[in-house]
Each structure stands twice: as C-alpha cells, then as structure tokens.
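Asker: These protein sequence lines are chains Z and B, in that order. Just so you know, the first sequence maps onto residues 27 to 337 in my numbering. Just so you know, the second sequence maps onto residues 27 to 337 in my numbering. Every residue, glycine too, gets a C-beta built ideally from N, C-alpha and C. Given the structure is predicted, the values throughout are model-derived calculations rather than measurements.
Protein chains: 2
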Amino acid sequence: MRPLADKARIITSIGAGPIGGGWAAFFLARGFKVQAYIHSMEEERMFRSIIDTAWPCLESIGLAPGATRDNLMITDDLAVAVRDTDFVQESAPERLEIKQALYKHLGELVPEGVVIASSTSGLTMTEIQAECSTPERTVVGHPFNPPYLLPLVEVVGGVATSDDALDWVMEFYRHAGKEPLRLKKEIPGFIATRLQEALWREALHMVANGEASPEDIDRALRFGPAPRMAIQGQCMAFHVACGEGGMATNLDQFGPALKLPWTRLEAPELTRELRDAMVDGCNAMAGDQSFEEMAAERDRRIVAVIKACRD
Amino acid sequence: MRPLADKARIITSIGAGPIGGGWAAFFLARGFKVQAYIHSMEEERMFRSIIDTAWPCLESIGLAPGATRDNLMITDDLAVAVRDTDFVQESAPERLEIKQALYKHLGELVPEGVVIASSTSGLTMTEIQAECSTPERTVVGHPFNPPYLLPLVEVVGGVATSDDALDWVMEFYRHAGKEPLRLKKEIPGFIATRLQEALWREALHMVANGEASPEDIDRALRFGPAPRMAIQGQCMAFHVACGEGGMATNLDQFGPALKLPWTRLEAPELTRELRDAMVDGCNAMAGDQSFEEMAAERDRRIVAVIKACRD
C-alpha cells in the first residue's frame, strides 16, 4: 500500500550502473532502508564501489540522522527487492524492450498503489508503461548525473499515469531532499536535457567547423556563463543583467538580435505572448527584491562559486 | 609606445555603463591606474556607483598589493583619457556607427602601438576597425557580465589586426588575472555567447510552446547541469560521466541520439573527424588523470559549488 509521502521508509533501487548505484547511495544518505535489485550478483562489487565512492561526498554535505550503509540489502531476486517497499526507483538499461518487460513484472510484483519512478532520460513513460497492468502509479523521475549530488529530478507521467501518483512523488522527492520539477508536457529530452542538448549540438558544430576545440568550449563555459547559470539559471541571469528594466528590456532591446546567426538553432518568433510570458515569469521570481538586491546577491554567490571552483 | 605585457600600469577604460564600469573596477582591484572616459560628466555618479557596488566583492576575492579606488581618474575628454596609456579597453554603446567613429579617433589619439580592445559582444573587429588608421593594434576582448567577477575574455582580431597585438593582449589579460580565450576564427557571437544563445533560444521555444515556464527553466539549470558545467564545462562533463570509455563511449553509444528531436537545433553530422576531434580533445584535457581521480575531483568540487549556491 502507498504510504504518506513523508512516511516512506523502504526504497527499492533497480539497476547496478552509476545511476542505480547513485540513487542507492543518495537514499542511504538520507536515512532510508534500500533494497537494491541488480541483474546478477557478479555486479555486486562494482555496485558497492559506486556507493563507497559517493559516501565521503554525502558525508560532507551531511547525512540524515541514522543514515548508514548497513541499511543496504542487495539481491538479484526482483520479488525480494520490492517486498514491503514504499517506493521504486528504476534505473535499468535505456532500451525500450527491457523497460517494457520490466514494467510488466513490476506492475504485478510491486505492492498495490506504490509508485514506480523511472530514471529514463530518453524514453517516455507512455511507451514504458504500455505493457504494465497497473500503469497509473508509474512515472518518470529523471535525475542528473551524479544523482547523489545534483538535486534536480524531472517528473512527468505517461498517458495512463494518475495525478495522484504525480502529486505523491513530487512530495516524496521534496521530502527526501531533492528538487523535483514537474513537467507540463511529456516532451522528448524533458527540460534540462533539451537545454543541455542545444548547447551540446552547437558545441559539436563549432568543433566540426574548426571554430573551437573541446578545450575552448569547456574553458568558455567554466570561466564565462556557467558559474552565473549555477546561481541564477538563464532567465534571471538576463533579468538581473539588464538592470531596472529586467527581462522586458532584454527582449525589447535585444529581440532583433535573436535573428542574428549566433547559433545554428533557429530563432523562435518573439510574439507578444512569449515576451509577456518571459517578463511575467521573471517578475514573479524576483518578487519584491530590487534590482540592486538581486545583483548584490548574485555577486556574493558568484564569488563563493568561483572560490569553490578554484579550491 | 606599447610596454611589455607585464609592465602595463595605466589602463584607459571607455564607457560609463555596467561593462565599462565593471572593467574599471576590475583593473583598479588588480592594482592598475585607471583613466576612465565617460561621455558626459553627468554620468560620473552612476559610473562611480558601479565601482563602489563591485568593490566589496573584489575585496573578498582579494585585492592586488596597492590596489585602491584612489587610482581612478574620470574625464569626458578622450585625449586626456588616453594620455600615456598602456592599454585601452573600450565598452562604448553596441552600435557600429558609434564604434567606427570612435576607433577613427582612437586610431590617431592612442599612443603608437598601444593595444585597443573592444568589449563588443555582437560586432566583429573587421567591421569596427574599418575607418581606423592604425587597425593593426585593435582587437576584440569580450568579457562576461559581471566583468569584474567572471574571468573569461574572448579574444579575436579583425582582418587588419596583427598577430603581435593578439599575442600581447593574451599575455596582458593573463597577467591581469583574467582567463583569455583566443578564437580560431571571427565567428558571430564568439564561443561562449553562441553556446549560451543556443540554450537561450531553446528555452524561448519551450516557453512559447507552453512546455516550460521561465522558472522551470532556471530551476532545471540551477539544480541540474549548471553546477557541473561551472566545474567541467560540457565536453569533460560527458567525458567523465561515461567512465573509462570517456568521450569515445559517449559519441559511439549516444551518437544516434543526436538525431532525436531533443532540441530544435539541427544535429551536426557526426563524422569520423568530428568524433576524433572530440575524443582527442578530451583525452588531452584529462592528461594522465584516471577516470576515478577525475570523478572524485568533480564530486568534491560540486559539493563546494552546491554549498556555495546554498549559503
């Protein structure tokens, strides 16, 4: 039976790779009991080494009370891994036929109502849940590598997923210490990966055209926009960079620059609706902070990030 | 006359806006004497407030010996601003006719051989230097906002720029404490802005299509890829994420995923040459570090960045 989101205690983690191992390490550090399913006990050593490698970092961030690696149970029996479980995080190989077969089993084995989340980065839950007899409790919960450190989890359901399951998993991830982001639509690549993929393709184009080396690209990001992006994202970075006028100034003034050949990505049509959505969104995020307060806060944090990168 | 790059002492900063003011603050903090040109003395108060706002951050990073805001001279007389100068950093408004007229003057006023660098983000030096009588010493030196904190400066010449001037300015910026990046070609948007622009256009498309809000985009970046990008860039982030196999595994395994509709940016053709350029570039950056060492280093630094973002 599905527990209250803040009462979940036993987590099933499926998969012996860096994502499955990373999730197991994360949940152990947050004080949960973890029942890990690996495909073969021959993978146990590698799986444990992922957790042992992650542990010192998790300790330095701060363990939850009672957190210990002794709370880990490892099995190659799926039925044992999901016994009495409160939540399943699935990180099996990224192939549709494997995931579909797995969800067919999980749909019957996992206790009634318990939510099953997939770490998939490239498949949709509508595809994955196609052969599952209880698809209403299956969701995407896509982490970022390394999953024991980066807080983001992108959450979205398939056509057969219930709102209940989505509400529950958002609350559960938040309670567990993650930063879940609920998608409005089931789009390929979700949000963060799409943004990263646009940047990545532009980078590949530049290398292909002899315009930059991989090292140029990494240095450009590390010493340029990335430290600011880690603190403000991109919308608020532009909002604050434009002073009092904020995002409205950015779009009204630099809107025409969208048509310049500054990337191989085609420009979106800057309609009135899009402009207003951007401006309203940034104003909402800014709340009652003044431009000066936000700029000062940005600078203070960039200094901290620069120092952190330097050490 | 052009001094040795590590002997420059007097800097001319042109422009009263956030970029001109930011550069002035940076050079003062690094112990230089700064002769600032502003268009009208009515802008003096705003200009000084940019420097005063930046100063506490610069202090917390650490001032150079002898650095003081008393080393600042402000004038609305261009000839006075460039008198005896060792280097000119120009941050005038981003309009071609203004820059061209300015470089016509600077070409005659600035002491012989002294390098003139433009903060332009959108124009090319080939265009800017068109009416300058001494174009061989004019270069682009494009900073990232805020220029007193983010270390990146993108450097590229126009058709008439000499290699000497480019060599000098690379050494000068490095000596001054910046991270200059010399571009192989004069491409629109340079490197960092192109990467950021690809990501930005994808973000605007998502908002336009109701797939994400500005807040979703910022949260996705801040809690997902950005902290890692601040440390590793994007090439090394993928190289290290793929374990022993590195970038070769990434491209050979996920190459076909480039064709997936994960962004509106068209995929580059993944030729053998491109693959090898990416793999060789990452291997060169990795040097003799093992995958485990790099992953451990990444994690240690992500923890520091996450703590820095949190405080």
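Please compile the residues from chain B whose C-beta is within a distance smaller than 8 Å of the C-beta of Ile37(Z).
Answerer: Along the first sequence, read from residue 1 onward, the residue named residue 37(Z) stands at position 11. Under the 8 Å cutoff, chain B gives no residues; its nearest Cβ is about 20 Å from Ile37(Z).
Asker: For Met320(B), I'd like the list of residues in its chain whose CB is within less than 7 Å of its CB, leaving aside the five on either flank, ordered along the chain.
Answerer: Translated into positions along the second sequence, residue 320(B) becomes position 294. Excluding positions up to five away in sequence, the list reads Val266 and Ala312.
Asker: At what residues does the beta strand (DSSP E) containing Pro169(B) begin and finish?
Answerer: Stepping through the second sequence from its first residue, residue 169(B) is reached at position 143. Per DSSP, Pro169(B) belongs to the beta strand (DSSP E) from Thr164 to Pro169.
Asker: Which of the residues in the stretch 193-226 of chain Z, read from start to end, lie with their CB under 7 Å from any CB of chain B?
Answerer: Against chain B - using a Cβ distance shorter than 7 Å - the residues of the stretch 193-226 of chain Z are Glu205, Leu207, Lys210, Lys211, Ile213, Pro214, Gly215, Ile217, Ala218, Thr219, Arg220, Leu221, Gln222, Glu223, Ala224, Leu225 and Trp226.
Asker: How about Pro253(Z) and Ile328(Z): are their beta carbons less than 9 Å apart?
Answerer: As a first step, residue 253(Z) is located in the first sequence; it is residue number 227 there, counting from the start. As a first step, residue 328(Z) is located in the first sequence; it is residue number 302 there, counting from the start. The answer is yes: Cβ separation under 9 Å.
Asker: Verify whether the separation of the beta carbon atoms of Gln115(B) and Ser239(B) is less than 9 Å.
Answerer: Taking the second sequence and counting its residues from 1, the one referred to as residue 115(B) is at position 89. Taking the second sequence and counting its residues from 1, the one referred to as residue 239(B) is at position 213. No; because the gap between Cβ atoms is not below 9 Å, this pair is not in contact.
Asker: Identify, in the order they occur along the chain, each residue of the same chain with its Cβ nearer than 7 Å to the Cβ of Ser86(B), setting aside the five sequence neighbours on each side.
Answerer: By 1-based counting over the second sequence, the position of residue 86(B) is 60. Closer than 7 Å at Cβ, skipping near neighbours: no residue.
Asker: Please list the segments of the beta strand (DSSP E) lying wholly inside the stretch 87-167 of chain B, counting only runs of 3 or more residues, in order along the chain.
Answerer: Listed in chain order, they are 98-101, 113-116 and 142-144.
Asker: In chain B, what lies closer than 7 Å to Val233(Z) by C-beta?
Answerer: In the first sequence, the residue the question calls residue 233(Z) occupies position 207. The contacting residues are Leu300, Ala303 and Met304.
Asker: Between the stretch 228-236 of chain Z and the stretch 192-208 of chain Z, are three or more C-beta pairs nearer than 8 Å?
Answerer: No, the stretch 228-236 of chain Z does not touch the stretch 192-208 of chain Z.
Asker: Out of Gly148(B), Leu192(B) and Met72(B), which has the shortest C-alpha to C-alpha gap to Gly139(B)?
Answerer: Along the second sequence, one-based indexing puts residue 139(B) at 113. That would be Leu192(B), whose Cα lies nearest to the Cα of Gly139(B).
Asker: Does the distance from the CB of Thr289(B) to the CB of Leu291(Z) come in under 9 Å?
Answerer: Against the second sequence, residue 289(B) aligns to sequence position 263. Against the first sequence, residue 291(Z) aligns to sequence position 265. Going by C-beta atoms, Thr289(B) is nearer than 9 Å to Leu291(Z).
Asker: How many Å lie between Arg248(B) and Ala105(B) at the Cα?
Answerer: Against the second sequence, residue 248(B) aligns to sequence position 222. Against the second sequence, residue 105(B) aligns to sequence position 79. The alpha-carbon atoms of Arg248(B) and Ala105(B) are separated by roughly 46 Å.
Asker: Apply the 10 Å Cβ neighbour rule to Lys204(B) and answer buried if 16 or more other Cβ atoms are within range, or exposed otherwise.
Answerer: Stepping through the second sequence from its first residue, residue 204(B) is reached at position 178. The residue is buried, with at least 16 neighbouring Cβ atoms inside 10 Å.
Asker: Mind checking whether Phe73(Z) and Gly46(Z) have CB atoms under 9 Å apart?
Answerer: The residue you call residue 73(Z) lines up with position 47 of the first sequence. The residue you call residue 46(Z) lines up with position 20 of the first sequence. Closer than 9 Å, so yes.
Asker: I want to verify the contact list: residues of chain Z whose CB lies under 7 Å from the CB of Asn13(B), in sequence order.
Answerer: Only positions 27 to 337 of chain B appear in the structure, and residue 13(B) is not among them; the question remains open.
Asker: With a CB to CB cut of under 6 Å and the five nearest residues on each side skipped, what residues in its chain are close to Val108(B)?
Answerer: One-based indexing of the second sequence puts residue 108(B) at position 82. Cβ neighbours of Val108(B) beyond the five flanking positions: Thr38, Leu135 and Val136.
Asker: Would you report the Cα separation of Pro161(B) and Gly41(B), rounded to the nearest angstrom?
Answerer: The residue labelled residue 161(B) in the question sits at position 135 within the second sequence. The residue labelled residue 41(B) in the question sits at position 15 within the second sequence. Near 20 Å, if we compare the C-alpha coordinates of Gly41(B) and Pro161(B).
Asker: For a test of the three-state rule: what should DSSP assign to Glu85(B), helix, strand or coil?
Answerer: Within the second sequence, residue 85(B) is the residue found at index 59, counting from 1. Glu85(B) falls in the helix class under three-state DSSP.
Asker: Starting from Ile243(Z) and walking both ways along the alpha helix (DSSP H), at which residues does that stretch end?
Answerer: In the first sequence, residue 243(Z) corresponds to position 217, counting from 1. Residues Pro240 to Phe249.
Asker: For Gln258(Z), go through chain B and note every residue whose CB falls closer than 8 Å to its CB, in chain order.
Answerer: Reading the first sequence from its first residue, position 232 is the one you call residue 258(Z). Ordered by position in chain B, the residues that pass the 8 Å Cβ test against Gln258(Z) are Asp244 and Arg248.
Asker: Is Thr297(B) close to chain Z? Criterion is C-beta to C-beta, closer than 9 Å.
Answerer: In the second sequence, counting from the first residue as 1, residue 297(B) sits at position 271. Cβ-Cβ to chain Z under 9 Å: yes for Thr297(B).
Asker: For Val185(B), does the count of other Cβ atoms within 10 angstroms reach 16, so buried, or fall short, so exposed?
Answerer: On the second sequence, position 159 is the one that residue 185(B) refers to. Val185(B) should be labelled exposed.
Asker: Kindly indicate which three-state DSSP category Lys333(Z) falls into: helix, strand or coil?
Answerer: As a working note, residue 333(Z) is residue 307 in the first sequence. The answer is helix: DSSP assigns Lys333(Z) an H, G or I state.
Asker: Would you report the Cα separation of Arg14(Z) and Gly167(Z), rounded to the nearest angstrom?
Answerer: Examination of residue 14(Z) is not possible in this model, given that chain Z is present from 27 through 337 alone.
Asker: From Ala31(B) to Val165(B), what does the alpha carbon distance come to, in whole angstroms?
Answerer: As a working mapping, residue 31(B) is identified with position 5 in the second sequence. As a working mapping, residue 165(B) is identified with position 139 in the second sequence. Answer to the nearest angstrom: the Cα atoms are 15 Å apart.
Asker: DSSP three-state label for Ile257(B), please.
Answerer: Indexing the second sequence from 1 puts residue 257(B) at position 231. Helix, per DSSP.
Asker: Can you list, in chain order, the residues of the stretch 308-327 of chain Z whose Cβ is nearer than 9 Å to any Cβ on chain B?
Answerer: Here the close residues are Cys308, Ala310, Met311, Glu318, Ala321, Ala322, Arg324, Asp325, Arg326 and Arg327.
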